[in-house]
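Notes follow the structure.
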Amino acid sequence: MKTVIPVSLLLVLLLASCAKNNVPAYNSNILSGLSVEFDNIAGSSDLHLNTGTYTNAAGEQFTVTRLKYYVSNFVLTSTDGNIYTVPQDSCYFLIDESDTSTHEPVLRVPEGEYKTLSFILGVDSLRSTMDISWRTGVLDPSAAGNGMYWNLDSGYIFFNMEGHSPAAGGTGGYRYHIGGYGGPASPMINNIKTISLDLTARGVPKVKTGLEPNLHLMVDILKLFNGPAQISMAATPMVLYDPYSTTIADNYTAMFRHDHTEN
Ligand SMILES: [Cu+2]
26 MKTVIPVSLL
36 LVLLLASCAK
46 NNVPAYNSNI
56 LSGLSVEFDN
66 IAGSSDLHLN
76 TGTYTNAAGE
86 QFTVTRLKYY
96 VSNFVLTSTD
106 GNIYTVPQDS
116 CYFLIDESDT
126 STHEPVLRVP
136 EGEYKTLSFI
146 LGVDSLRSTM
156 DISWRTGVLD
166 PSAAGNGMYW
176 NLDSGYIFFN
186 MEGHSPAAGG
196 TGGYRYHIGG
206 YGGPASPMIN
216 NIKTISLDLT
226 ARGVPKVKTG
236 LEPNLHLMVD
246 ILKLFNGPAQ
256 ISMAATPMVL
266 YDPYSTTIAD
276 NYTAMFRHDH
286 TEN
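Heads up: the sequence shown is residues 26 to 288, going by our numbering.
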């Protein structure tokens, strides 16, 4: 008899929570909050800067001292087929593993239920070439974007990961600064990547006034090494604005997956 009470209680709770969150119809006149959480991990481990040690498919051990990347240009598709592009001016975020306040950007989107999410990993070419007065906040290289910008020709560093590995040789430091918007720098490099995620398998977010659902994404940094190409820190410990960066970018587009939704 002991288990009967908790089970029935659970049912009551489930019914109550379902009842207060019915499917909201898509309504472009009413915007509400949707947070997108970027939870950085390394394989099956949580990512811990400086103290965690991880191993890539090449068998190389490494630590991570810095992990920062830009995400921008968010687009959502509702379950009834409406496409909503978040206004670009409010749609650049810099995810910084060392600063938890950056891990869950909040988007303002129409009430509704959403089946797909897409965004750019990096900064689009149009914004990259705009006058500095249009590149404020996290895009300001002299403020929040410090260390994430080369120059006007090469543009922003989209993805910045640094740390140490015995495999890296020298003083053991490795550095992956990946960017390139297809600008005039030579050679021309375009590492702008659009990430598209299906939300139906792991729970669609139900955006409604008074509720702020959270899309919980896992971002697995091991994918940078273990993808179509196997990246070795012994062979390439230092990749900056370089043609080889496209190989890394092709790998790391697979870092993102939708794990669950908190409605
Ligand atoms: Cu969660």
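Glycine included, C-beta positions come from ideal geometry on N, C-alpha and C. This structure is a prediction, so every number in the text was calculated from the model and none was measured.
Under the rule that a run must span 3 or more residues, the beta strand (DSSP E) segments found entirely inside the stretch 126-164 read 131-146.
Note that the C-beta distance between Ile-220 and Phe-118 is not below 7 Å. Measuring C-alpha to C-alpha distances from Asn-75 to each of Asp-64, Asn-65, Arg-91 and Asn-81 identifies Arg-91 as the nearest. In this structure, the CA atom of Pro-191 is about 12 Å from the CA atom of Tyr-79. Scanning Pro-209, Ser-270 and Thr-225 for the CA closest to the CA of Lys-218 turns up Ser-270. In the structure shown, Ser-97 adopts extended strand secondary structure according to DSSP, grouped into three states.
For Ser-221, the enclosing beta strand (DSSP E) starts and ends at 218-223. Listed as beta-bridge partners of Phe-281 by DSSP are Val-244. Counting the other CB atoms within 10 Å of its CB gives His-285 a total below 16, which places it among the exposed residues. If you look at Glu-187, you'll find it in the beta strand (DSSP E) that goes 180-189. By the Cβ neighbour-count rule, Glu-85 is buried, with 16 or more other Cβ atoms within 10 Å of its own.
Here Ala-210 is not near Pro-262, since their CB atoms are 7 Å or more apart.
For Phe-250, no beta strand (DSSP E) encloses it, and the DSSP letter there is neither H nor E. Using a C-beta cut-off of 8 Å, the stretch 49-59 makes contact with the stretch 130-147, since at least three inter-stretch Cβ pairs fall below that distance.
For Met-155, the closest alpha carbon among the candidates Phe-183, Gly-208 and Leu-146 is that of Gly-208. Looking at the DSSP output, Thr-80 shares a beta bridge with Gln-86. Assignment of Asn-276 by DSSP, reduced to helix, strand and coil, places it in the helix class. In this structure, the C-beta of His-283 stays at least 6 Å away from each heavy atom of ligand 1. According to DSSP, residue pairing for Glu-287 in a beta bridge involves Asn-239. Excluding sequence positions up to five before and after Glu-122, its CB lies within less than 6 Å of the CB of Asn-65, Leu-74 and Leu-92, all in the same chain and listed in chain order. Burial is judged here by how many other beta carbons sit within 10 angstroms of a residue's own beta carbon; Ala-67 has at least 16 and is buried.
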